[in-house]
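Beneath this line is the structure, given in structure tokens, with notes to follow.
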Amino acid sequence: MAPPSPALSSIQHDGRRPHVVFVPSAGMSHLTQFVRFIVALSSHDVDISVVTVFPTVSDAEANHFAALFKEFPSIRRLDFDLLPFDASEFPGGDPFFLRWEALRRSMHLLGPIIAGVTPRVTAIVTDVTLVSHVNPIAKNLQLQCYVLFVASATMMSLNSYFPIYLDNKDAEADVGDVDIPGVRRIARSWLPQPLLDLNKIFTKQFIENGREIVKTDGVLINTFDALEPVALAALRDGKVVPGFPSVFAVGPYTSLANEKKDAGAEGEDWILSWLRQQPARSVVYVAFGSRSTVSHEQLREIAAGLEASGCRFLWVLKTTVGGRHDRDSLRDVLGDGFLERVQGRGVVTKAWVDQEAVLSHPAVGLFLSHSGWSSVTEVAAAGMPLLAWPRLGDNRVAAAVVASSGAGVWMEHWSWDGEEWLVSGEEIGAKLKEMMADGAAREKAAKVREEAAKAVAEGGSSHTSMLEFVAKLKAT
């Protein structure tokens, strides 16, 4: 990021650097965006501390924290010990939702830690999953509090409006379509599945956090004005919730690490090495994120589709949430003979992949994804068409953004988690082949990339939003 412009940096303050404490929660989709924003903010003459909770839910999260503190030794680490938490209260609960609940129940211990940090803290930036507990702490300490929202602006509008929707609906009626003022109608079938049951732990967290968001000093969202113009305008104009706080669209931000990589450097990642041997725009990249699981039966249909398409492909395959205890061999999952039949044109791996580097590689022509928001913003920045196959959570809301923005195509009739029917390999293969030959889709994705680049360039909408956020910190 460039230094603040004179207009934004001339605000008077006492001369000390702002000190921001980040409070992330659990899940790679959350943590990755926190780390990337922290890296971006670190170039703006701001002191930074990060609350770290161990053990993490996944090994990937622990590695991400370790890498951050190694690369940026000036960033302080504030270790935080959770109180004992009896997960049996929520039988069958998602490990990430349970971690969020454990964090929430321990948050009252965070106040004295933040109060004792030197230099004095200016502001807290919290994950949205914890805002209902962190914002009151910030207000008690007379600190600014911001939400770093890791999903779309459209999802932010749903999160903040959903409590109002519940207050206004018939108490006996089931949750239905949610018509968000100024944004759009969110179909019942698009909602994160737990929201259909008001007794779910996620739903209770979602409602509490939604009510608290409007009491904060602002929200930071990994999006940009050209990607979600309607949702951002509705939030900023108070159409979604009157008196909504400042909205800073500061995306798409990246890890920055890829800018420093030399594609031909010794010790290059073996996946990137394989991609370098493939023709331009010939490879389908397939990945469904660390939170999504796909049944073995559906995985075999995906395999059949990749084989039938005739396309080269790179498939990052996960069979467990977070990648832990993933002991199934590829042969067990995909069946005898598949790996041999696609040898030379297809790669299947369970290893961690540098997704940004893959998406920006000239050999890759299409991304088949669950449309998690991190993946959506990465594909927007890369100008790669996305074939969206939502799996769970906010994926369908994100896929709607993908379709409306031109970043890709949403297969709205394809199944998602919990639906007991399979999308056939024949249909998958035909769609992959069609998309790889779709020049119009590629042109639309390229235009999205141009808008993303403009947003983060000096003077662009996201660049300006970041400077306005920093100026607000320095004005305290």
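For the sequence shown, the UniProt record's numbering assigns the number 1 to the initial residue and increments by one for each residue that follows.
Every residue gets a Cβ at the ideal spot worked out from N, C-alpha and C, and that includes glycine.
No experiment lies behind these values; they were computed from the predicted model shown.
Where the alpha helix (DSSP H) containing I75 begins and where it ends:
Note, I75: premise wrong, no alpha helix (DSSP H); not H, not E.
What are the start and end residues of the beta strand (DSSP E) that includes A287?
Bounds of the beta strand (DSSP E) holding A287 are 283-287.
Name the two residues that bound the continuous alpha helix (DSSP H) containing Y253.
Per DSSP, Y253 belongs to no alpha helix (DSSP H) and is neither H nor E.
Could you tell me the alpha carbon to alpha carbon distance between F85 and D269, rounded to whole angstroms?
Inter-residue distance for F85 and D269 is about 40 Å (C-alpha atoms, whole angstroms).
A425 - partner residues in DSSP beta bridges:
Sequence check: residue 425 is Gly here, not Ala. Under DSSP, G425 shares a beta bridge with no residue.
Proximity winner among G310, A382, K447, relative to G406 (alpha-carbon distances):
Comparing Cα positions, the closest option is K447.
With a CB to CB cut of under 6 Å and the five nearest residues on each side skipped, what residues in its chain are close to N395?
Its chain contains H370, S371 as the residues whose beta carbon lies nearer than 6 Å to that of N395, once the 5 sequence neighbours on both sides are disregarded; these appear in chain order.
For A363 and Q298, believed in contact at Cβ under 8 Å, the rounded distance:
The Cβ separation is near 26 Å, so there is no contact.
Distance, Cα to Cα, D170 vs H19?
When rounded, the distance between both Cα atoms is 46 Å.
R17 (DSSP reduced to helix, strand or coil)
Note: R17 maps to coil in three-state DSSP.
Specify, as a first and last residue, the run of the alpha helix (DSSP H) that D332 falls within.
Here the alpha helix (DSSP H) through D332 covers 330-334.
Between the CA atoms of D438 and T32 - distance to the nearest angstrom:
Roughly 31 Å separates the two Cα atoms.
Which runs of the beta strand (DSSP E), 3 residues or longer, sit entirely within the stretch 208-251?
Along the length of the stretch 208-251, whole beta strand (DSSP E) runs at least 3 residues long occupy 218-221, 246-249, reported in chain order.
Using C-beta distances below 6 Å, list every residue in its chain close to W373, excluding the 5 sequence neighbours before and after it, in chain order.
For W373, where only same-chain residues beyond five positions count, the Cβ hits under 6 Å are A151, S152, A398.
Close beta carbons around P112, own chain, < 6 Å, minus the five adjacent residues each side:
Once the five neighbours on either side are set aside, P112 has no close Cβ partner at all.
With 16 other CB atoms within 10 Å as the buried threshold, where does W315 fall?
Residue burial annotation: W315 is buried, with at least 16 other C-beta atoms found within 10 angstroms of its C-beta.
When you compare each of S461, M384, T223 to A357 by their alpha carbons, which one comes out closest?
Cα-wise, what sits closest to A357 is M384.
Can you give me the Cβ contacts of D45 inside the same chain, cut-off strictly under 7 Å, excluding the 5 residues immediately before and after it?
Excluding residues within five positions, the ones whose Cβ falls inside 7 Å are R17.
P163: buried (16+ other C-beta within 10 angstroms of its C-beta) or exposed?
It is buried - the Cβ of P163 has at least 16 other Cβ atoms within 10 Å.
Could you give the distance in angstroms between the alpha-carbon of F72 and the alpha-carbon of I207?
Rounded to whole angstroms, F72 to I207 spans 35 Å at the Cα level.
How would you write the range of the alpha helix (DSSP H) that R442 sits in, first residue to last?
Following the DSSP letters along the chain, one finds R442 inside the alpha helix (DSSP H) bounded by residues 439-456.
Is V401 helix, strand or coil when you go by DSSP?
The three-state secondary structure of V401, taken from DSSP, is helix.
Close Cβ partners of T216 (< 7 Å) along its chain, the five nearest in sequence each way excluded:
Taken in chain order, the residues that qualify are V131, N135, C145, Y146, V147, P245.
Exposed or buried, which one is H413 when buried takes at least 16 other CB atoms within 10 Å?
It counts as exposed.
Along the chain, where does the alpha helix (DSSP H) containing F469 start, and where does it finish?
The continuous alpha helix (DSSP H) containing F469 extends over residues 461-474.
Simplified DSSP assignment, three categories, for I295
A quick correction: the sequence has Ser, not Ile, at residue 295. The answer is coil: DSSP assigns S295 none of H, G, I, E or B.
Starting from the Cα of V121, find the closest Cα among K200, V50, T223 and give me that residue.
Nearest option by C-alpha distance: V50.
If you follow the alpha helix (DSSP H) that W414 is in, where does it begin and where does it stop?
That residue, W414, is in no alpha helix (DSSP H); it is neither H nor E in DSSP.
Do R391 and W416 count as a contact pair if the criterion is CB distance below 9 Å?
A contact, by the Cβ cut-off of 9 Å.
In angstroms with no decimal places, state the Cα-to-Cα distance between A308 and T126.
Cα to Cα, A308 sits roughly 46 Å from T126.
Neighbourhood of V348 by C-beta, 6 Å cutoff - its chain only, sequence neighbours within 5 removed:
Result list for V348: W315, L317, L330, in chain order.
Whether residue 555 touches L110 by CB criterion (9 Å)
Within the shown structure, residues of the chain are numbered from 1 to 476, placing residue 555 beyond reach of any answer.
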